[in-house]
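Residue 55 in the numbering used here sits at position 46 of the sequence shown, and the numbers go up by one each step. Single-structure report; data block below.
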Amino acid sequence: MTKIKSLFYLFLPLITGGIIAFLIKNNIDYEYLIKPPLAPPKIAFPIAWTLIYFLMGLSYYNYQKNNSKSAIIDFIYYFQLFINAFWSLIFFLWKLRFLAIIWIIFLDILVLFLLYLFWFKNKLSTILNIPYLIWILFATYLTIGIYLLN
Numbered sequence: 010m011t012k013i014k015s016l017f018y019l020f021l022p023l024i025t026g027g028i029i030a031f032l033i034k035n036n037i038d039y040e041y042l043i044k045p046p047l048a049p050p051k052i053a054f055p056i057a058w059t060l061i062y063f064l065m066g067l068s069y070y071n072y073q074k075n076n077s078k079s080a081i082i083d084f085i086y087y088f089q090l091f092i093n094a095f096w097s098l099i100f101f102l103w104k105l106r107f108l109a110i111i112w113i114i115f116l117d118i119l120v121l122f123l124l125y126l127f128w129f130k131n132k133l134s135t136i137l138n139i140p141y142l143i144w145i146l147f148a149t150y151l152t153i154g155i156y157l158l159n
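Given below as structure tokens:
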């Protein structure tokens, strides 16, 4: 694997997240919303997402490095990254909170499916994505709670 490919696999989630953060930065209204119990402070999100995006990139790099290629895994990985990115646009930029619920549930299903597929090809890649799954399940709870409370 070339160094450029390695860097691409490692950093694509971080770059994607950074671009989305830049696009929505002036539209984030989290602090003004009524939030459900256990909602973290606004500062927790960039910290958590940076770590999660790094682990996602590391997991995909590890999967690619070990030559355990699968077209369906490649497709689901990039597709869920796209769905993940667009959730922020739907929720913060366009304020379509109900659509954001449907969107994030779809993301939950995609990530569960990705972890299932990773498990048969590269168990470490599955393990590295467990924090991502936990975080988006928590984000699903927050999305539903914010929709219901606002």
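C-beta: ideal position from N, C-alpha, C; glycine also.
Check: Can you list, in chain order, the residues of its chain whose CB lies under 8 Å from that of Leu102, leaving out five sequence neighbours each side?
Finding: For this step, residue 102 is matched to residue 93 along the sequence shown. The beta carbon of Leu102 sits closer than 8 Å to those of Leu32, Ile33, Asn36, all from its chain and outside the five residues before and after it, given in chain order.
Check: Among the residues of its own chain, which have a CB less than 6 Å from the CB of Thr135, if the five just before and after it don't count?
Finding: As a first step, residue 135 must be located in the sequence shown, where it is residue number 126. Only Leu124, Phe127, Trp128 meet the Cβ criterion.
Next item on the list: For Asp117, collect the residues of the same chain with a Cβ closer than 7 Å to its Cβ; drop the 5 residues on either side in sequence, then sort them by chain order.
Entry: Stepping through the sequence shown from its first residue, residue 117 is reached at position 108. Excluding residues up to 5 positions away in sequence, Ile145, Leu146, Thr149 lie with their Cβ nearer than 7 Å to the Cβ of Asp117 in the same chain.
Notebook entry, point to check: Candidates Trp96, Thr25, Leu19: which alpha carbon is nearest Trp112's?
Noted result: In the sequence shown, the residue the question calls residue 112 occupies position 103. When Trp96, Thr25, Leu19 are compared, the shortest CA-CA separation from Trp112 is found for Trp96.
Next item on the list: Please say whether Thr25 and Leu90 have beta carbons closer to each other than 9 Å?
Entry: As a position in the sequence shown, residue 90 is number 81, starting the count at 1. As a position in the sequence shown, residue 25 is number 16, starting the count at 1. Yes, the pair counts as a contact, with Cβ atoms nearer than the cut-off.
Notebook entry, point to check: Going by the beta-carbon positions, is the gap between Leu158 and Leu42 smaller than 9 Å?
Noted result: By 1-based counting over the sequence shown, the position of residue 158 is 149. By 1-based counting over the sequence shown, the position of residue 42 is 33. A distance below 9 Å separates the beta carbons of Leu158 and Leu42.
Margin query: If distances are taken between C-alpha atoms only, which option among Pro55, Pro46, Gln73, Leu60 comes closest to Leu133?
Written below: Along the sequence shown, read from residue 1 onward, the residue named residue 133 stands at position 124. It is Gln73 whose Cα lies nearest to the Cα of Leu133.
Next item on the list: Can you have a look at Ala109 and say buried or exposed, based on whether 16 or more other CB atoms are within 10 angstroms of its CB?
Entry: Residue 109 sits at position 100 when you count from the first residue of the sequence shown. Answer is buried; the Cβ neighbour count reaches 16.
Margin query: If I measure Cβ to Cβ from Leu23 and keep anything under 8 Å in the same chain, skipping five residues before and after, which residues do I get?
Written below: Counting from 1 along the sequence shown, the entry for residue 23 is found at position 14. Excluding residues within five positions, the ones whose Cβ falls inside 8 Å are Thr59, Tyr62, Phe63, Gly66.
Note to self: Comparing C-alpha positions only, which one of Glu40, Asn71, Phe54 sits nearest to Lys14?
What the structure shows: The count along the sequence shown starts at 1 and reaches residue 14 at position 5. Restricting attention to Glu40, Asn71, Phe54, the CA atom closest to the CA of Lys14 is found in Asn71.
Notebook entry, point to check: Going along the chain, which unbroken runs of the beta strand (DSSP E) with 3 or more residues stay wholly within the segment 96-143?
Noted result: Runs of the beta strand (DSSP E) lying entirely within the segment 96-143 and spanning at least 3 residues: none are present.
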